[in-house]
Amino acid sequence: MNSSGFPGEPYSVLVFGTPIVALLAALVFKLPSIVRLWRDPLRRAVGGLLLLACGIFVFAAPPVITWTNRVTGVPNLAAPLVYSFLVAFCGASLLLMVAWRGGLAGHSARPARARRAMRWVVGGHAGVIVALWSLFALADVPVERRRDLDTYYALTPFMRELIVLYLLAHTTSCVLTYRLVRDWIHTAGLDVWLRRGLKSLAFGYAANLVFDAAKGTALVVRWAGGDLDPLSTEVAPVAGCVAAVLIATGYVLPHAGQYLRDRWRVRRAHLRLAPLYGLLRAATGRGVPFSLRATPELRLTRRETFIRDALLQLARHFDGELRRRAYEAAVDLGYGPGRARALAAAVTIRDAIEARALARPPSPQSPQVTQEDPDLLAELLQGIEAVSQVLGHPDEIEAVRALASATVESLHVYE
């Protein structure tokens, strides 16, 4: 604790450093899509919003406050600077939500109500920023306060009005933004990751209201002659820190969640094809060359292409009659149509591999895969993932194959 009764530097590093790191991480994560889609104004707006939020905590850090005041030569000049960043951030957040809710199309395509609301947001927040600097120019604040400026100058003419103005502007913007986000959350048909991101934003703006409540309460108590300064100097900064982290998460979560979900789907599909790929690689004696530079999508495409090419090479050995019997056998064993087709295909592929290894010609009584009868090959090519999955259950394949073979033998005995 320092001589003013405030937490020391570790507290400041945690309260101001954590949101800076979180906001910068969010900005770095979003930067590639912002650069790639630079013409999209909403993506640029998100980048600017995260940069503004980061600027708030950078310029609000006590060491930076001291540096700003010393460089400019004006005591407490950092105060209107930080408050301007704060108001600009609130306005940008509200503007972005109005734009999103008004539609992602160009400005001329948005509803008139949305365009009118956006003009009010820009004009109102710009007016507040101008008023903040005007009030600061009129105020007499010679004593530098790095942490407790709001409560220290709570009774000072013009500075008092400046503090009240920024708190009212911040509270109003956060309430309106929270309501827009909350209403959006309840919209039907939202992507699950977008909904989670909006929930994080809602909690973030709610935490901002805790910041305003703590600051406002400490201010009112000062006016009444009391002292609840820790609400302003300790509770409010923590609420602001939590709000910044939640807001950064809210803007990143939809993109990050969709990205990870897509990556997981590709990885899962790649793994699900592994049994069939391994079987055909052993049968053909070759496989897909491994490349460290290949993307997951490219690896999946190469594996799928290899499997389809290998099946085309085995096509002349496919026994359509065997596949039909295997399907009926699987159904008799109680498997559903989808599983039965996959098991029958697995039996057919295994039989074709054995026939090729033994150089056994296809049965003359079996329907061949030709240009006139491509159904069998087409079905196998379309169901490679399902076939690959049943290959992990060799006992089921053998049971189907045994029953199909027993059916053939019984037919021969009958004949």
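Heads up, the working numbering is the position in the sequence shown plus 723, with the first residue counted as 1. We put the CB at the ideal spot given by N, CA and C, even for glycine. Predicted model, so just to flag it, every value in this text is computed and none were measured.
{"Query": "From the DSSP output, in three-state form, read off Phe1029 for me.", "Result": "helix"}
{"Query": "Hey, how far is the Cα of Tyr1058 from the Cα of Arg1073?", "Result": "19 Å"}
{"Query": "Check whether the Cβ atoms of Ala929 and Val958 sit closer than 8 Å, and answer yes or no.", "Result": "no"}
{"Query": "Under a three-way DSSP split, which group does Pro1190 fall into?", "Result": "Residue 1190 lies beyond the range of the chain shown here (724 to 1138); nothing can be said about it."}
{"Query": "Determine the direct distance from the alpha carbon of Cys897 to that of Val810, and round the result to whole angstroms.", "Result": "10 Å"}
{"Query": "Are Ile779 and Arg767 close, meaning C-beta to C-beta below 8 Å?", "Result": "no"}
{"Query": "How about Leu994 and Glu1027: are their beta carbons less than 8 Å apart?", "Result": "no"}
{"Query": "Note down, in chain order, each residue of its chain lying with its Cβ closer than 6 Å to the Cβ of Ala1127, except the 5 sequence neighbours on either side.", "Result": "Arg1048, Ala1049, Ala1052"}
{"Query": "Quick one: what does DSSP say Gly740 is sitting in, helix, strand or coil?", "Result": "helix"}
{"Query": "For Ala1067, report the span of its alpha helix (DSSP H) as first-last.", "Result": "1060-1080"}
{"Query": "Enumerated in chain order, which unbroken segments of the alpha helix (DSSP H) with a length of 4 residues or greater are wholly contained in the region 938-986?", "Result": "none"}
{"Query": "Could you name each continuous beta strand (DSSP E) segment of 3 residues or more that falls completely within the region 833-897, going from the start of the chain to the end?", "Result": "none"}
{"Query": "Over the uninterrupted alpha helix (DSSP H) stretch that includes Asn792, give me the two end residues.", "Result": "785-795"}
{"Query": "What span of residues does the alpha helix (DSSP H) with Thr1007 cover, start to end?", "Result": "997-1007"}
{"Query": "Using the beta-carbon count (16 or more within 10 Å), is Gly1061 buried or exposed?", "Result": "exposed"}
{"Query": "Under 8 Å by Cβ, that's how I've got Thr879 and Val866 pegged, so tell me the actual separation to the nearest angstrom.", "Result": "About 10 Å; that fails the 8 Å criterion."}
{"Query": "If you measure between the beta carbons of Thr789 and Leu800, is that distance less than 8 Å?", "Result": "no"}
{"Query": "Consult DSSP for Pro1117 and reduce its assignment to one of helix, strand or coil.", "Result": "helix"}
{"Query": "For a quick check, are the C-beta atoms of Leu804 and Val851 less than 8 Å apart?", "Result": "no"}
{"Query": "Report the CB separation of Val1123 from Leu1066 in whole angstroms; it is logged as a contact under 8 Å.", "Result": "5 Å"}
{"Query": "Could you spell out the range, first to last residue, of the alpha helix (DSSP H) harbouring Leu800?", "Result": "Element bounds for Leu800: n/a, residue is neither H nor E."}
{"Query": "Between the alpha carbons of Phe1013 and Arg1004, how many angstroms are there, rounded?", "Result": "13 Å"}
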